[in-house]
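Participant:
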Ligand SMILES: C[S@@+](CC[C@H](N)C(=O)[O-])C[C@H]1O[C@@H](n2cnc3c(N)ncnc32)[C@H](O)[C@@H]1O
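In the numbering used here, the protein residues as written are 2 to 350.
1) For residue 165, which residues does DSSP report across the bridge?
2) Would you call the segment 219–236 and the segment 52–69 in contact, with 3 or more CB pairs under 8 Å?
3) Do the segment 190–208 and the segment 145–152 touch if we need at least three Cβ pairs shorter than 8 Å?
4) Can you check the segment 83–150 for any beta strand (DSSP E) of at least 3 residues that lies completely inside it and give the ranges in chain order?
5) Do you know offhand how far residue 117's Cα is from residue 279's?
6) Kindly give me the distance between the Cβ atoms of residue 104 and residue 45, rounded to whole angstroms, as I take these residues to be in contact under 8 Å.
7) Are there any heavy atoms of ligand 1 lying less than 7 Å away from the beta-carbon of residue 346, as far as the coordinates show?
8) Looking only at its chain, what residues have a beta carbon closer than 7 Å to the beta carbon of residue 290, apart from the 5 residues adjacent to it on each side?
9) Residue 10: which of 35, 54 and 32 sits nearest, CA to CA?
10) Residue 29 lies in the beta strand (DSSP E); which residues open and close that run?
11) Since I believe residue 277 is in contact with residue 127 (beta carbons under 8 Å), could you give me their beta-carbon distance rounded to a whole number of angstroms?
12) Quickly, what does DSSP pair residue 282 with across the bridge? List them, please.
13) Since I believe residue 250 is in contact with residue 188 (beta carbons under 8 Å), could you give me their beta-carbon distance rounded to a whole number of angstroms?
14) Is the beta carbon of residue 139 closer than 8 Å to that of residue 305?
15) Should residue 169 go down as buried or exposed, given a rule of 16 or more other Cβ atoms within 10 Å for buried?
16) Would you tell me roughly how many angstroms separate the C-alpha atoms of residue 176 and residue 267, rounded to the nearest one?
17) Considering only heavy atoms of ligand 1, does any lie closer than 7 Å to the CB of residue 261?
18) Skipping 5 residues on each side, what residues in its chain have a beta carbon closer than 8 Å to that of residue 294?
19) Name the residue from 91, 324, 153 and 122 whose alpha carbon lies nearest to the alpha carbon of residue 253.
20) With 16 as the cutoff for other CB atoms within 10 Å, does residue 107 come out buried or exposed?
21) Can you list the alpha helix (DSSP H) stretches of 4 or more residues lying completely in the segment 182–246, in chain order?
22) Is the number of C-beta pairs between the segment 48–63 and the segment 17–28 that are closer than 8 Å three or more?
23) Can you tell me which residues form a DSSP beta bridge with residue 276?
24) Taking only three categories from DSSP, how would you classify residue 333?
25) If residue 345 and residue 184 are in contact, beta carbons under 8 Å, what's the gap, nearest whole angstrom?
26) Give me, in chain order, the residues of the same chain whose beta-carbon lies closer than 6 Å to that of residue 75; leave out the 5 immediate sequence neighbours on both sides.
27) Determine the contact status of residue 57 and residue 120, defining contact as a CB-CB distance below 8 Å.
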């Protein structure tokens with residue numbers, strides 16, 4: 002479909018780019034500038050017409066561009082990306098002009114990436130919210146069995162390999178090459194010391210990122226905003242850890258895979274099904290189906306579900322919820338809120 006900004010669908014895409022500019026705000030001044038420019042650019046809007054409906058289009062566009070920059074295309078535009086050119090690189094000329102030229106020059110490849118790839122940002126620092134949430138949810142007498150819905154590269158399934166520093170308390174292996182810091186803004190999250198034992202872990206994903214595949218890893222890295230070198234560093238360290246200890250990832254629709262995964266989960270364990278930053282890609286019907294499926298599966302054994310999701314329109318942080326499914330019933334409770342990349346935590350439970 003060929004769209005421009007005057008078409009109603011094109012107008013919506015342009016509006017989405019403006020919202021993305023506001024969302025990244027000070028965390029990516031480059032994307033804020035480029036997203037505002039893209040909202041006024043017919044080539045950008047036309048490229049986004051190919052994005053799958055379930056996907057946040059602006060994230061796809063900027064990841065596709067960064068993916069090509071990381072392979073060496075567009076050195077002038079790349080000079081504005083610290084994550085590509087390096088923190089000391091001297092930016093060349095006007096980034097907006099370079100961006101517009103890049104879109105025109107690489108339009109076919111960018112369109113193909115936007116049409117075929119997915120937003121699969123795997124943010125390992127979200128483990129700072131998952132760690133206390135698992136503790137709040139699990140049976141303390143049993144080890145954990147984990148099923149992650151929408152695991153991407155599965156980096157968060159390896160939460161017990163990372164060291165945590167919450168300011169007042171530390172946890173996780175002290176010798177880990179990766180330390181995740183988190184500010185506790187309020188409340189008393191239950192940080193377990195040591196981290197709980199995990200006896201089974203599996204991730205379900207429509208398009209699992211294989212950490213052994215450099216192209217797949219480059220795509221996941223391209224989703225990180227270009228000034229956030231600390232996130233790039235954490236991602237690369239976590240990928241190196243995952244290459245040594247690859248988690249089991251199963252390809253497919255989570256709603257179809259879940260019943261079998263639950264069935265094959267070990268019995269003598271506290272079963273936690275969790276998801277973070279996934280349900281924004283789901284329809285309301287599919288979210289209801291997940292709830293029904295877990296309610297039904299919990300006729301045979303209790304299941305604890307942890308959700309870290311940013312679903313409310315215009316939400317600026319994620320809500321952390323624990324739902325216990327047991328005997329045909331479900332009991333949700335709100336545990337707190339978290340920064341969308343795990344920078345801080347507010348605990349309420
Ligand atoms: C934005 S990523 C989040 C990854 C990880 N949970 C995190 O927080 O770092 C969302 C992931 O969910 C996956 N996904 C979305 N819908 C899915 C579905 N119906 N079944 C399986 N995976 C799905 C996507 O492929 C993507 O890898």
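C-beta atoms are modelled at their ideal positions from N, C-alpha and C, and glycine is treated no differently.
Facilitator: Let me spell this out:
1) Paired residues: 172 and 181.
2) Contact holds between the segment 219–236 and the segment 52–69, because three or more Cβ pairs, one in each stretch, are under 8 Å apart.
3) Taking a cut-off of 8 Å on C-beta distances, the segment 190–208 touches the segment 145–152, as three or more cross pairs fall below it.
4) Runs found: 145–150.
5) Their backbone Cα atoms lie some 18 Å apart in a straight line.
6) That pair is a contact at about 6 Å.
7) Distance from the C-beta of residue 346 to the nearest heavy atom of ligand 1 is not below 7 Å.
8) Cβ within range, chain order: 256.
9) In this structure, 54 is the residue among 35, 54 and 32 with its C-alpha nearest to the C-alpha of residue 10.
10) Counting along the chain, residue 29 falls outside any beta strand (DSSP E), and DSSP gives it neither H nor E.
11) Rounded, the Cβ-Cβ distance is 5 Å, consistent with contact.
12) Residue pairing by DSSP leaves residue 282 without any beta bridge partner.
13) Not confirmed; about 33 Å, so no contact.
14) The Cβ atoms of residue 305 and residue 139 lie closer than 8 Å to each other.
15) Residue burial is scored here from C-beta neighbours: residue 169 has fewer than 16 other C-beta atoms within 10 angstroms and is therefore classed as exposed.
16) One C-alpha to the other measures close to 29 Å.
17) No, ligand 1 has no heavy atom inside 7 Å of this Cβ.
18) Excluding sequence neighbours, residue 294 sits near 256, 259 and 260.
19) The option with the nearest alpha carbon to residue 253 is 153.
20) By the neighbour-count rule (16 or more Cβ atoms within 10 Å), residue 107 is buried.
21) For the segment 182–246, whole alpha helix (DSSP H) runs of length 4 or above, ordered along the chain, are 215–223 and 230–245.
22) As far as the Cβ criterion goes, the segment 48–63 touches the segment 17–28, which means the pair count is three or higher.
23) Beta-bridge pairing links residue 276 to 308.
24) DSSP places residue 333 in strand when its eight states are reduced to three.
25) In this structure residue 345 is in contact with residue 184, their Cβ atoms being roughly 4 Å apart against a cut-off of 8 Å.
26) So the list reads 103, once near-sequence residues are dropped.
27) Closer than 8 Å, so yes.
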